[in-house]
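Asker: Every letter in the sequence shown is one number past the one before it in the numbering used here, and letter 78, counting from 1, is 89. We put the CB at the ideal spot given by N, CA and C, even for glycine.
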Amino acid sequence: MSKQQYVIDQMISAKTIAARIEDLCLDIQKEFSGTDKLIVVGLLRGSFVFIADLVRELDLPIEVDFLEASSYGDDMESSREVRILKDLRGAIEGRDVLVVEDIVDTGHTMHHVTRLLKGRKPSKLRTIALLDKPSRREVDCKADWTGFEISDEFVVGYGIDFAQRNRNLPFIGKVRFT
Ligand code: IMP
Ligand code: MG
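1) Tell me whether V108 counts as near the ligand IMP, meaning its Cβ is closer than 6 Å to at least one heavy atom of that ligand.
2) Which ranges would you report for the alpha helix (DSSP H) in the region 102 to 168 if only whole runs of at least 4 residues count?
3) Can you check whether the CB of V111 is closer than 7 Å to the CB of I39?
4) Quick one: give me the first and last residue of the alpha helix (DSSP H) that R40 is part of.
5) From the DSSP output, in three-state form, read off A63 for me.
6) Can you tell me the Cα-Cα spacing of S81 and R148, whole angstroms?
7) Taking only three categories from DSSP, how would you classify E92?
8) What number of angstroms, rounded off, separates the C-alpha of Q175 from the C-alpha of G168?
9) Indicate whether L141 and D113 have their beta-carbon atoms separated by less than 7 Å.
10) Rounded to the nearest angstrom, what separates E68 and I19 at their Cα positions?
11) Using only alpha-carbon positions, find the residue among I95, L136 and S24 that is nearest to R120.
12) Compare the Cα-Cα distances from G45 to each of V150, E160, R106 and V186 and report the closest residue.
13) Quick check: what's the CA-CA separation for R31 versus V166?
14) Do you know how far the Cα of E104 is from the Cα of Q21?
15) Going by the DSSP bridge assignment, what does L54 pair with across the sheet?
16) Do you know whose CA, among T117, H123 and E42, lies nearest V93's CA?
17) Near L35, which residues of its chain fall below 6 Å by C-beta distance, leaving aside the five closest residues on each side in sequence?
Right, here's the structure in full:
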């Protein structure tokens with residue numbers, strides 16, 4: 012697949028993403044106002060750019076942790092069976108937690124991760140996804156906040172990869188095979 016020729020068409024500009032993050036952070040601040048420590052959990056690797064921009068816009072006391080769940084591998088299809096490849100460093104019991112995901116696609120990853128983390132008894136658990144592809148959903152699951160809803164397109168950029176490439180594009184683009 013990855014040997015195929017493709018071009019990337021810009022879909023969401025860096026400026027549009029930045030403006031949306033400002034709005035989302037106002038909501039998140041309201042939701043977590045008064046927290047003594049919010050643990051912002053990035054799902055590796057796709058959320059690393061989003062979480063970096065998000066935390067710099069958040070006016071709250073925070074810690075950052077990461078969790079890696081298996082996903083597509085180098086394929087364009089979700090594996091459905093979710094495995095934890097790297098767990099959190101810290102405990103979350105009794106803490107406020109915000110899980111940061113790049114895309115909710117079939118929903119398996121978000122569903123699995125939220126169930127796992129809820130079992131650790133955080134005082135509050137909320138989720139945010141930069142992108143949502145509702146038409147692809149296989150399990151009932153929705154992030155508390157979504158940056159943008161998109162149709163069934165394969166996207167890259169702003170941390171999101173196709174076979175590990177294109178994560179460093181500053182915008183979100185769709186992959187078009189030529
Ligand atoms: P889900 O478990 O099917 O919801 O898949 C979630 C994961 O699949 C996301 O965290 C992404 O890493 C990956 N993914 C889903 N759609 C895309 C895409 O369009 N481009 C690149 N990765 C994607
Ligand atoms: Mg991912």
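Answerer: Quick answer:
1) As a working mapping, residue 108 is identified with position 97 in the sequence shown. Outside the cutoff, so no.
2) If one requires a minimum length of 4 residues, the alpha helix (DSSP H) runs lying completely within the region 102 to 168 are 119 to 129, in chain order.
3) Along the sequence shown, read from residue 1 onward, the residue named residue 39 stands at position 28. Along the sequence shown, read from residue 1 onward, the residue named residue 111 stands at position 100. No. Outside cutoff.
4) Along the sequence shown, one-based indexing puts residue 40 at 29. Correcting the residue type first, residue 40 is Gln in the shown sequence and not Arg. For Q40, the uninterrupted alpha helix (DSSP H) run begins and ends at A25 to E42, by DSSP.
5) Here residue 63 refers to the residue found at position 52 when the sequence shown is read from its first residue. A63: helix per DSSP, three-state reduction.
6) The residue labelled residue 81 in the question sits at position 70 within the sequence shown. The residue labelled residue 148 in the question sits at position 137 within the sequence shown. Cα to Cα, S81 sits roughly 18 Å from R148.
7) Sequence index remark: in the sequence shown, residue 92 carries index 81 (1-based). Coil.
8) For the purposes of this step, residue 175 is taken as the residue at position 164 of the sequence shown. For the purposes of this step, residue 168 is taken as the residue at position 157 of the sequence shown. C-alpha separation (whole angstroms): 10 Å.
9) As a working mapping, residue 141 is identified with position 130 in the sequence shown. As a working mapping, residue 113 is identified with position 102 in the sequence shown. Between L141 and D113, the C-beta spacing is below 7 Å.
10) Counting from one through the sequence shown, the residue named residue 68 turns up at place 57. Counting from one through the sequence shown, the residue named residue 19 turns up at place 8. I19 has its alpha-carbon roughly 28 Å from the corresponding atom of E68.
11) Here the question's residue 120 lines up with position 109 in the sequence shown. Checking the sequence, you will find Thr at residue 120 rather than Arg. Scanning I95, L136 and S24 for the CA closest to the CA of T120 turns up I95.
12) Here residue 45 corresponds to residue number 34 of the sequence shown, with the count starting at 1. Put simply, of V150, E160, R106 and V186 the residue whose alpha carbon is nearest the alpha carbon of G45 is R106.
13) Along the sequence shown, read from residue 1 onward, the residue named residue 31 stands at position 20. Along the sequence shown, read from residue 1 onward, the residue named residue 166 stands at position 155. V166 has its alpha-carbon roughly 18 Å from the corresponding atom of R31.
14) Your numbering for residue 21 matches position 10 in the sequence shown. Your numbering for residue 104 matches position 93 in the sequence shown. So the alpha carbons of these two residues sit roughly 41 Å apart.
15) Taking the sequence shown and counting its residues from 1, one reaches residue 54 at position 43. Answer by DSSP bridge pairing, in chain order: L78.
16) Within the sequence shown, the letter at position 82 stands for residue 93. It is H123 whose Cα lies nearest to the Cα of V93.
17) Within the sequence shown, the letter at position 24 stands for residue 35. Closer than 6 Å at the Cβ level, and outside the excluded window around L35, lie W156.
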